[in-house]
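Protein chains in written order, with the working numbering: chain C, 33 to 143; chain W, 4 to 116.
Don't be surprised by glycine CBs; every beta carbon is placed ideally from N, CA and C.
Please read all numbers here as calculations on a predicted model, not as lab measurements.
Below: one structure, written as structure tokens.
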């Protein structure tokens with residue numbers, strides 16, 4: 033069964049600190065993996081996309097990694113800011129364009 | 004540039020009442036359009052998608068229906084709402100067939116009482 037599991041479910045960190053969010057998937061065939069950021073009460077916005085051959089990709093203070101062998105991805109946020117408070121959702125695209133969504137990690141940045 | 008609009012933003016409806024959520028896309032033609040529902044603590048659930056006018060695919064059998072009367076208009080409806088229909092509804096269009104990035108509207112918060 034195609035599944036995407038994210039951890040932790042929620043996370044609270046102080047402003048300026050770093051954090052790492054995890055995404056484990058069992059999706060076959062694998063096409064790509066995308067991280068979305070969703071502010072409370074808004075629609076998700078894509079942060080980055082990882083294809084099978086990519087190990088690391090950065091978007092400003094966001095760095096995503098992908099290990100296709102262990103079927104794990106992580107999203108690392110450096111020097112967190114209050115505006116980083118949001119839910120971060122991992123989505124894996126299967127070969128038939130089906131999207132498998134994780135439940136998300138709710139990140140709270142405290143001043 | 005491409006934009007997507009969704010309304011209303013919030014809606015409180017009694018059980019048994021009808022529902023109509025509207026979504027329009029600008030700046031593109033023949034987009035793939037999607038309706039998702041998001042429940043608290045759960046991943047997005049695909050409800051309907053459409054690849055063209057009048058073409059609707061349903062992913063989950065339920066109390067809802069969708070229609071695409073125009074190329075860039077997608078409507079989510081119900082004749083009689085249930086309590087379980089409460090949730091956050093998101094409309095999206097896809098840009099890029101290969102990478103499949105979805106662009107979402109602002110969402111509609113539906114509360115059924």
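Sufficient close CB pairs (3 or more, under 8 Å) joining the stretch 36-48 of chain W to the stretch 80-91 of chain W: Because the criterion of three Cβ pairs below 8 Å is met, the stretch 36-48 of chain W and the stretch 80-91 of chain W touch.
Helix, strand or coil at residue 116(W) according to DSSP, with G and I counted as helix: Correct three-state label for residue 116(W): coil.
Three CB pairs or more closer than 8 Å across the stretch 18-38 of chain W and the stretch 78-85 of chain C: Under the 8 Å Cβ criterion, the stretch 18-38 of chain W does not count as touching the stretch 78-85 of chain C, having fewer than three qualifying pairs.
Beta-ladder partner(s) of residue 118(C), from DSSP: Looking at the DSSP assignment, residue 118(C) forms a beta bridge with 139(C).
Chain C contacts from the stretch 76-96 of chain W (Cβ-Cβ distance under 9 Å): Result list: 91, 93, 94, 95.
Residue 171(W), DSSP secondary structure in three states: Residue 171(W) lies beyond the range of chain W shown here (4 to 116); nothing can be said about it.
Residue span of the beta strand (DSSP E) that contains residue 93(C), given as start and end: First-last for residue 93(C): undefined, no H or E at that position.
Chain-order list of residues whose beta-carbon lies under 8 Å from that of residue 52(C) (same chain, five-residue window excluded): Closer than 8 Å at the Cβ level, and outside the excluded window around residue 52(C), lie 106, 107, 108, 109.
Neighbouring residues, chain C, relative to residue 47(W) (Cβ below 7 Å): Going along chain C in sequence order, the residues near residue 47(W) (Cβ under 7 Å) are 133.
Chain-ordered chain C contacts of residue 108(W) [CB-CB under 8 Å]: Contact of residue 108(W) with chain C by beta-carbon distance below 8 Å involves 75.
Beta bridge counterpart(s) of residue 99(C) as assigned by DSSP: In the DSSP output, where bridge partners are listed per residue, residue 99(C) has 104(C).
Candidates 77(W), 31(W), 114(W), 47(W): closest to residue 60(W) by CA position: Residue nearest to residue 60(W) within the set 77(W), 31(W), 114(W), 47(W) is 77(W) (criterion: CA-CA distance).
Partner residues on chain W for residue 44(C), Cβ-Cβ distance less than 9 Å: The contact set of residue 44(C) on chain W, defined by CB atoms closer than 9 Å, is empty, because the minimum CB distance reaches about 17 Å.
The stretch 38-56 of chain C / the stretch 130-142 of chain C touching (three or more Cβ pairs under 8 Å): Output reads yes: the stretch 130-142 of chain C touches the stretch 38-56 of chain C.
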